[in-house]
């Protein structure tokens, strides 16, 4: 160490005493310490360095509060108008004594000729008027078989008398084979029976 004088304060590692100076010698290099991975193993853990890195990730934190609702987006452009395809009506060939009733009274708009049509959505529609006064069977026609028709689909169909315009009901039936029948009871079978009052039936493939 150096002596203490007016130009050198307390003794130290590097100091100047008058005109002379020197450094104290360095000690030997210490041993290399353990890495963080090695320390982790020393604590009793097992695994690869990748396992050690993965272990440093803590558990997922609690979800934060939901943010405020953003402003409403701009209104989108108007969609294209739907295209409605006109119905193509097919005449029904009557059988078993059934005939067309050329009714001109208070009846639904449309041809008096018994007809059917299948729309673009797969529903079958009927229109026209029937006269059953000379029928020999309840089946009045057979149209091409329609795959989605139930084995026997029935619903009411209206009848209007010419004289007093009163209404009664018959039972319309369509089967999967295309058979069309109308079950009616009592007198005045000439009708006219409104096929127009049959609700559309889903028959598409």
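Residue numbers (my numbering): 16 to 220. Note that the Cβ used here is the ideal one computed from N, Cα and C, for glycine as well.
Does residue 139 come out as helix, strand or coil in the three-state DSSP assignment? Sequence index remark: in the chain shown, residue 139 carries index 124 (1-based). Strand, per DSSP.
With residue 106 and residue 130 assumed to form a contact (beta carbons below 8 Å), what rounded beta-carbon distance in angstroms separates them? Locating residue 106 in the chain shown gives position 91, counting from the first residue. Locating residue 130 in the chain shown gives position 115, counting from the first residue. About 5 Å; that satisfies the 8 Å criterion.
Between 60, 85, 81, which lies nearest to residue 70 when the distance is taken from Cα to Cα? Numbered from its first residue, the chain shown carries residue 70 at position 55. For residue 70, the closest C-alpha among the options 60, 85, 81 is that of 60.
Euclidean distance between Cα positions of residue 158 and residue 115: Here residue 158 corresponds to residue number 143 of the chain shown, with the count starting at 1. Here residue 115 corresponds to residue number 100 of the chain shown, with the count starting at 1. As the crow flies, the alpha-carbon of residue 158 is around 16 Å from that of residue 115.
Report the rounded CA-to-CA distance for residue 214 versus residue 92, giving the unit in angstroms. Numbered from 1 along the chain shown, position 199 holds the residue referred to as residue 214. Numbered from 1 along the chain shown, position 77 holds the residue referred to as residue 92. Rounded to whole angstroms, residue 214 to residue 92 spans 36 Å at the Cα level.
Is DSSP giving residue 89 helix, strand or coil here? Locating residue 89 in the chain shown gives position 74, where the first residue counts as 1. Look at residue 89 here: in three-state DSSP terms it is coil, with no helix or strand label.
Between the Cα of residue 103 and those of 217, 170, 142, spot the shortest distance and give me the residue it belongs to. To locate residue 103, count along the chain shown from 1; it is residue 88. Comparing Cα positions, the closest option is 142.
Sorted by chain position, which residues of the same chain lie with C-beta nearer than 6 Å to residue 55's C-beta, five sequence neighbours on each side aside? Position 40 of the chain shown, counting from 1, holds the residue named residue 55. Answer for residue 55: 67, listed in chain order.
With respect to the alpha helix (DSSP H) encompassing residue 67, which residues constitute its N-terminal and C-terminal limits? Here residue 67 corresponds to residue number 52 of the chain shown, with the count starting at 1. If you look at residue 67, you'll find it in the alpha helix (DSSP H) that goes 64-70.
DSSP puts residue 186 in a beta bridge; with which residues? Start at 1 with the first residue of the chain shown, and residue 186 comes out as number 171. In the DSSP output, where bridge partners are listed per residue, residue 186 has 171, 198.
Residue(s) in a DSSP beta bridge with residue 106: Reading the chain shown from its first residue, position 91 is the one you call residue 106. Among the bridge pairs identified by DSSP, residue 106 is matched with 130.
To which residues of the same chain is residue 161 closer than 6 Å at the C-beta, ignoring the five residues directly before and after it? For the purposes of this step, residue 161 is taken as residue 146 along the chain shown, with counting starting at 1. These residues qualify, in order along the chain: 218.
Contact defined as beta carbons within less than 8 Å: I believe residue 150 pairs with residue 208. What is the distance between those atoms, to the nearest angstrom? Within the chain shown, the letter at position 135 stands for residue 150. Within the chain shown, the letter at position 193 stands for residue 208. Contact flag wrong, Cβ pair sits at about 11 Å.
If we call anything under 8 Å between Cβ atoms a contact, is residue 169 one with residue 144? As a first step, residue 169 must be located in the chain shown, where it is residue number 154. As a first step, residue 144 must be located in the chain shown, where it is residue number 129. By the CB criterion at 8 Å, residue 169 and residue 144 fall outside the cutoff.
What's the call for residue 211, buried or exposed, on a 16-neighbour Cβ count within 10 Å? If you number the chain shown from 1, residue 211 lands on position 196. Counting of Cβ neighbours within 10 angstroms places residue 211 among the buried residues, the total reaching 16 or more.
Cα-Cα separation, residue 224 to residue 98: Any property of residue 224 remains undetermined from this structure, which presents the chain solely from 16 to 220.
Does the beta-carbon distance from residue 155 to residue 110 come in below 8 Å? Start at 1 with the first residue of the chain shown, and residue 155 comes out as number 140. Start at 1 with the first residue of the chain shown, and residue 110 comes out as number 95. The beta carbons of residue 155 and residue 110 sit closer together than 8 Å.
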